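Number of protein chains: 2
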Amino acid sequence: MSGSLSPAELARVAERFKALGEPARLRMLDVLRHGEMAVSELITATGMGQANVSKHLQILHAAGLVARRKEGLFVYYSLADRDVLLLCDIMCDRIERQSDADQRRFGTGA
Amino acid sequence: MSGSLSPAELARVAERFKALGEPARLRMLDVLRHGEMAVSELITATGMGQANVSKHLQILHAAGLVARRKEGLFVYYSLADRDVLLLCDIMCDRIERQSDADQRRFGTGA
DNA sequence: GCGTAATATACCTAGTTAGTTATATGGTAA
DNA sequence: TTACCATATAACTAACTAGGTATATTACGC
Chain A
1 MSGSLSPAEL ARVAERFKAL GEPARLRMLD VLRHGEMAVS ELITATGMGQ
51 ANVSKHLQIL HAAGLVARRK EGLFVYYSLA DRDVLLLCDI MCDRIERQSD
101 ADQRRFGTGA
Chain B
111 MSGSLSPAEL ARVAERFKAL GEPARLRMLD VLRHGEMAVS ELITATGMGQ
161 ANVSKHLQIL HAAGLVARRK EGLFVYYSLA DRDVLLLCDI MCDRIERQSD
211 ADQRRFGTGA
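Quick mapping for you: the protein sequence lines, in order, are chains A and B. Here the first sequence is numbered in the working numbering, starting from 1 and rising by one per residue. Here the second sequence is numbered in the working numbering, starting from 111 and rising by one per residue.
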């Protein structure tokens, strides 16, 4: 965000943030922290439906957040790079800081 | 994203990413890089409708991405902290890197 | 008080999307 | 070939959302 982004650039950045803006997809990324996984493993790990998992994976892949590798019948997905987790970590830290601030502001009920 | 986030935590993180996943809101944040601004200034700077700007500001504020300060008739908004821009910068860097990679892969047409 | 300016909200419409079920695609094994 | 398995996609519904217009709220000056 160096200032004065073109509409096309804004749209691309927004697309990627939007891909992260869904609990189901964040959960899948969280699961993928443990390493590369086949779709069927993700289905088991998340408890989500097969078609739903597949669709979310397409969205994550289109956003460049996960990498894809085919091997026989199976398709293995993994985190595209460490920035993906960095983004989530920053966002989580923000939330922790704001939770702390809220507690300071409203008290913990002691 | 330290692994095994609760559904409530996932929802809160997703809410914040989703707030960033809209070109109009990214544009507003980009404009706010220049400093605190009243709503009317944002309307002028972005060319968006008044109700629309106001609604997007509520979303950004609910996500903790902008700070709000009232002064008389005016309400001034500003970036909540530098992490907001950091997130965008990381995402932009990702896009630049991937654009570079695409150019290397497909050629620049020289 | 009244009028007016700045912002927020209600309401509506059109477009989008998550989740589902059913089906298609691609690859393997017999 | 046929049967089967893993994944992707199509089609549908319900819920959500961006953007607009109209209205409400809030604070100021008179």
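Glycine residues also receive a C-beta, built at the ideal position from the N, C-alpha and C atoms. Keep in mind that this is a model prediction, so the values were computed, not measured.
| Check | Outcome |
| --- | --- |
| Continuous beta strand (DSSP E) stretch holding residue 69(A): start and end | 66–71 |
| Chain B within 8 Å of residue 68(A), Cβ atoms only | no |
| Contact between the region 158–167 of chain B and the region 139–147 of chain B (3+ Cβ pairs under 8 Å) | no |
| Residue 65(A) to residue 48(A) span [Cα, whole Å] | 19 Å |
| is_contact[residue 128(B), chain A] using C-beta, thresh 8 Å | yes |
| Sub-8 Å separation of residue 73(A) and residue 20(A) beta-carbons | no |
| 7 Å Cβ cut-off: residues of chain B touching residue 11(A) | 133 |
| Nearest neighbour of residue 126(B), chosen from 147(B), 146(B), 173(B) and 151(B) [CA to CA] | 173(B) |
| Beta-carbon neighbours of residue 159(B), restricted to chain A and to distances below 9 Å | By Cβ distance, chain A contributes nothing, its closest Cβ being about 17 Å from residue 159(B), past 9 Å. |
| Closer than 9 Å at the beta carbon, the chain A residues around residue 137(B) | 5, 7 and 10 |
| Residue span of the alpha helix (DSSP H) that contains residue 152(B), given as start and end | 149–156 |
| Where residue 189(B) falls: helix, strand or coil (DSSP) | strand |
| Closest residue to residue 186(B) among 171(B), 195(B) and 124(B) (Cα-Cα distance) | 171(B) |
| Beta-carbon gap between residue 26(A) and residue 152(B) smaller than 8 Å | no |
| C-beta contact flag for residue 203(B) and residue 94(A) at 8 Å | no |
| Chain-ordered chain B contacts of residue 86(A) [CB-CB under 8 Å] | 200 |
| Cutoff 8 Å: residue 174(B) Cβ touching any chain A Cβ | yes |
| Partners in chain A for residue 124(B), counting only beta-carbon separations shorter than 7 Å | 21, 22, 23 and 26 |
| Close Cβ partners of residue 97(A) (< 6 Å) along its chain, the five nearest in sequence each way excluded | none |
| Identified DSSP bridge partners for residue 127(B) | DSSP lists no partner for residue 127(B). |
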